[in-house]
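What follows is a set of notes on a single structure, which appears directly below.
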Amino acid sequence: MNYTAQLDDALQRLHDEDRYRTFIDIERERGNFPHAVWNKPDGTKQPVTVWCGNDYLGMGQHPVVLDAMKEAVDATGAGSGGTRNISGTTVYHKRLEAELADWHQKEAALVFSSAYIANDATLSTLPKLFPGLIIYSDALNHASMIEGVRRNGGAKRVFRHNDVEHLRELLQADDPNVPKLIAFESVYSMDGDFGPIEEICDLADEFNALTYIDEVHAVGMYGARGAGIAERDGLLDRLDIINGTLGKAVGVFGGYIAASAKMCDAVRSYAPGFIFTTSLPPAVVAGAAASIAHLKTDQALRAQHQTQAAILKLRLKGLGLPIVDHGSHIVPLIVGDPKHTKLMSDMMLEGFGIYVQPINYPTVPRGTERLRFTPSPVHGPREMDALVGALDELWAHCALNRAELAG
Ligand SMILES: Cc1ncc(COP(=O)(O)O)c(C=O)c1O
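For the sequence shown, the numbering used here gives the first residue as 47, with consecutive numbering after it.
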């Protein structure tokens, strides 16, 4: 066996399909978000504006967060020094979990290494808690949910994206007495569309199923206290398990679930992905807790975020560019093939100092390759003008189509 040749083949396949991923090496500048410095492959540096980050609210540079992190480092050192079970549970972890439980109006919360791990660990553990469990999973659920459902050894049914009628058919076809769980998202990050939370909760009630929602692209940004779409829509009490991240709008790192005290206790006790890993560093946890405490009251920041997204969408639509607009903060611009998408991204970066990563298959279906913009309160009129001008010029240069009416 020639292992190197096998690796060459695997990598070549990605190149052949134009989906080999290139990482752009950037250093963000604290206090100056969304500006950053691009360390180019030739060793030189170029200033860039980041338009594809998931630090949706700029909390990654907020003084409240940075001060809490510095204080925790000074007080306790760098790492936590252990798993949650063996010396790695600190007052900071307890405080963050209390903050999260309060945010989502649940009895308890559990912090994981990331929301990816929280999804994977929880969904792969649930069949141990509910033998015979069938998981009904939205077709466009994030890879971490798919992985958790796939690994759990239980039964799964995949319903067409946001199709509650299809979900109903699948629920109806199964034994009413077996345990069931419906797993879905509140904001799907590639199109920026919303899950039909209330309808899914109604079905869950009708078929006596549990509900599991991923609010990763909503926490911090929606609802009176920023707890997400379920809070905004008054549905928090109808969701059994809420998953969120601390790495996007919260601006730090980590993930979690919020649920009943019993559910959290059981997942805490059975999920290998929670048990057998070092807990997050206290400084990270302290920063996340400070960020959430702040976000609970900063409605102005959320309003500013939505305003920036609305302005960008309006301006791009005005140019006739084919953006997808489902009313969320995410602005996908469909280019439609991987070569052009990569080319546009490269030209934006090198020619205009605008960094937006191309999104290709398998993250999105073939033929819908796109640039995905994430406007935030730190993107001002200057950054917006530069982006809109660059897109207008490049779209013409690449002779790409414009829609009569995008949306
Ligand atoms: C819908 C969804 N769920 C979960 C995750 C994982 O979040 P984290 O970055 O905290 O692992 C992501 C990350 O991009 C996501 O988009």
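Positions of the beta carbon are idealized from the N, C-alpha and C atoms, including for glycine.
Subject >> Euclidean distance between Cα positions of methionine 115 and valine 265 >> reply: If you number the sequence shown from 1, residue 115 lands on position 69. If you number the sequence shown from 1, residue 265 lands on position 219. For methionine 115 and valine 265, the distance between alpha carbons rounds to 20 angstroms.
**OP:** May I ask you to verify whether the region 310-328 touches the region 347-361, counting CB pairs closer than 8 angstroms and requiring at least 3?
**Re:** no
Original post:
Roughly how many angstroms separate the alpha carbons of proline 173 and alanine 317, rounded to a whole number?
Top reply: Your numbering for residue 173 matches position 127 in the sequence shown. Your numbering for residue 317 matches position 271 in the sequence shown. Roughly 11 angstroms separates the two Cα atoms.
Original post:
When DSSP labels each residue in this structure, what does tyrosine 162 get in the three-state scheme?
Top reply: Here residue 162 refers to the residue found at position 116 of the sequence shown. Note: tyrosine 162 maps to helix in three-state DSSP.
**OP:** List the endpoints of the continuous alpha helix (DSSP H) containing histidine 61.
**Re:** What you label residue 61 is simply residue 15 of the sequence shown in a count that begins at 1. Start and end: 49-62.
**OP:** Using the Cα positions of glutamine 58 and leucine 358, report the straight-line distance between them to the nearest angstrom.
**Re:** The residue you call residue 58 lines up with position 12 of the sequence shown. The residue you call residue 358 lines up with position 312 of the sequence shown. About 37 angstroms.
Original post:
From the beta carbon of alanine 356, is the nearest beta carbon of chain D less than 8 angstroms away?
Top reply: Structure shown: chain D not included; a single protein chain is present.
Original post:
Under the three-state reduction of DSSP, which class applies to phenylalanine 398: helix, strand or coil?
Top reply: Here the question's residue 398 lines up with position 352 in the sequence shown. It is helical.
Original post:
Can you name the start and end residues of the alpha helix (DSSP H) that glycine 413 belongs to?
Top reply: As a first step, residue 413 is located in the sequence shown; it is residue number 367 there, counting from the start. Unbroken run through glycine 413: none, as it is neither H nor E.
**OP:** Using only the heavy atoms of ligand 1, determine whether one of them is closer than 7 angstroms to the beta carbon of aspartate 260.
**Re:** Counted from its first residue, the sequence shown places residue 260 at position 214. Yes, since a heavy atom of ligand 1 falls inside the 7 angstroms radius drawn around the Cβ of aspartate 260.
Original post:
Tell me which same chain residues have a C-beta within less than 7 angstroms of the C-beta of leucine 440, skipping the five on either side of it?
Top reply: The count along the sequence shown starts at 1 and reaches residue 440 at position 394. Same-chain partners within the cutoff: Met390, Met393, Met394.
**OP:** Say yes only if the C-beta of glutamate 143 is nearer than 7 angstroms to one or more non-hydrogen atoms of ligand 1, and no if none qualify.
**Re:** As a working mapping, residue 143 is identified with position 97 in the sequence shown. Incorrect: glutamate 143 has no Cβ contact closer than 7 angstroms to ligand 1.
Original post:
At a cut-off of 7 angstroms, is glutamate 193 close to ligand 1 when judged by its beta-carbon and the heavy atoms of the ligand?
Top reply: Counted from its first residue, the sequence shown places residue 193 at position 147. False, no ligand heavy atom lies under 7 angstroms from that Cβ.
Original post:
With distances taken from CA atoms, which of Met105, Tyr138, Val96 is nearest serine 325?
Top reply: For the purposes of this step, residue 325 is taken as the residue at position 279 of the sequence shown. Checking every option, the nearest Cα to that of serine 325 belongs to Tyr138.
Original post:
For the region 101-111 against the region 287-298, are there 3 or more C-beta pairs whose distance is under 8 angstroms?
Top reply: Because the criterion of three Cβ pairs below 8 angstroms is met, the region 101-111 and the region 287-298 touch.
**OP:** Report the rounded CA-to-CA distance for proline 384 versus asparagine 447, giving the unit in angstroms.
**Re:** Indexing the sequence shown from 1 puts residue 384 at position 338. Indexing the sequence shown from 1 puts residue 447 at position 401. Cα to Cα, proline 384 sits roughly 16 angstroms from asparagine 447.
Original post:
What are the start and end residues of the beta strand (DSSP E) that includes serine 183?
Top reply: By one-based count along the sequence shown, residue 183 stands at place 137. Where serine 183 is concerned, the enclosing beta strand (DSSP E) stretches over 180-184.
Original post:
Would you say valine 210 and proline 242 are within 8 angstroms of each other, going by their C-beta atoms?
Top reply: The count along the sequence shown starts at 1 and reaches residue 210 at position 164. The count along the sequence shown starts at 1 and reaches residue 242 at position 196. Cβ distance < 8 angstroms, so valine 210 and proline 242 count as in contact.
Original post:
Name the DSSP bridge partner or partners of tryptophan 84?
Top reply: Residue numbering aside, residue 84 sits at position 38 when the sequence shown is read from its first letter. BP columns for tryptophan 84 point to Ile72, Gln92.
**OP:** Can you grab the Cα-Cα spacing for the pair leucine 216 / histidine 443, in whole Å?
**Re:** As a working note, residue 216 is residue 170 in the sequence shown. As a working note, residue 443 is residue 397 in the sequence shown. Their backbone Cα atoms lie some 48 angstroms apart in a straight line.
Original post:
Is it the case that the Cβ atoms of valine 262 and alanine 185 are separated by a distance below 8 angstroms?
Top reply: Taking the sequence shown and counting its residues from 1, one reaches residue 262 at position 216. Taking the sequence shown and counting its residues from 1, one reaches residue 185 at position 139. No, the pair does not count as a contact, with Cβ atoms beyond the cut-off.
Original post:
Taking 7 angstroms as the cut-off, does the CB of tyrosine 268 come closer than this to any heavy atom belonging to ligand 1?
Top reply: Indexing the sequence shown from 1 puts residue 268 at position 222. Checking the Cβ of tyrosine 268 against ligand 1 gives no.
Subject >> beta-carbon isoleucine 168 near ligand 1 non-hydrogen atom, thresh 7 angstroms >> reply: Here residue 168 refers to the residue found at position 122 when the sequence shown is read from its first residue. Looking at the sequence provided, one finds threonine at residue 168 rather than isoleucine. No, ligand 1 has no heavy atom inside 7 angstroms of this Cβ.
Subject >> alpha helix (DSSP H) runs wholly inside the region 332-376, at least 4 long, in chain order >> reply: 345-364
Original post:
What residue does the beta strand (DSSP E) around phenylalanine 230 start on, and which one ends it?
Top reply: Looking up residue 230 in the sequence shown gives position 184. For phenylalanine 230, the uninterrupted beta strand (DSSP E) run begins and ends at 226-231, by DSSP.
Subject >> Close-in-space but distant-in-sequence residues of the same chain around glycine 77 (CB under 8 angstroms, 5 per side omitted) >> reply: In the sequence shown, counting from the first residue as 1, residue 77 sits at position 31. Within the same chain, glycine 77 has close Cβ partners Gln107.
Original post:
Sorry if obvious, but does the Cβ on histidine 150 come closer than 7 angstroms to a heavy atom of ligand 1?
Top reply: Locating residue 150 in the sequence shown gives position 104, where the first residue counts as 1. Judged by the Cβ position, histidine 150 fails to qualify as a neighbour of ligand 1 at the 7 angstroms threshold, every heavy atom of the ligand being at least this far.
**OP:** Provide the residue(s) that pair with arginine 203 in DSSP beta bridges, ordered along the chain.
**Re:** Position 157 of the sequence shown, counting from 1, holds the residue named residue 203. Tyr182.
Original post:
Below 8 angstroms, can you find three or more Cβ-Cβ pairs linking the region 244-262 to the region 216-236?
Top reply: yes
Subject >> Segment limits, beta strand (DSSP E) that includes threonine 257 >> reply: Stepping through the sequence shown from its first residue, residue 257 is reached at position 211. Element bounds for threonine 257: 256-260.
Subject >> Exposure of phenylalanine 322, with buried meaning 16 or more beta-carbon neighbours within 10 Å >> reply: Your numbering for residue 322 matches position 276 in the sequence shown. Exposed, since its Cβ has fewer than 16 Cβ neighbours within 10 Å.
Original post:
Taking 7 angstroms as the line, does the beta carbon of alanine 304 fall inside it for any heavy atom of ligand 1?
Top reply: One-based indexing of the sequence shown puts residue 304 at position 258. It does not: the Cβ of alanine 304 is nowhere closer than 7 angstroms to a heavy atom of ligand 1.
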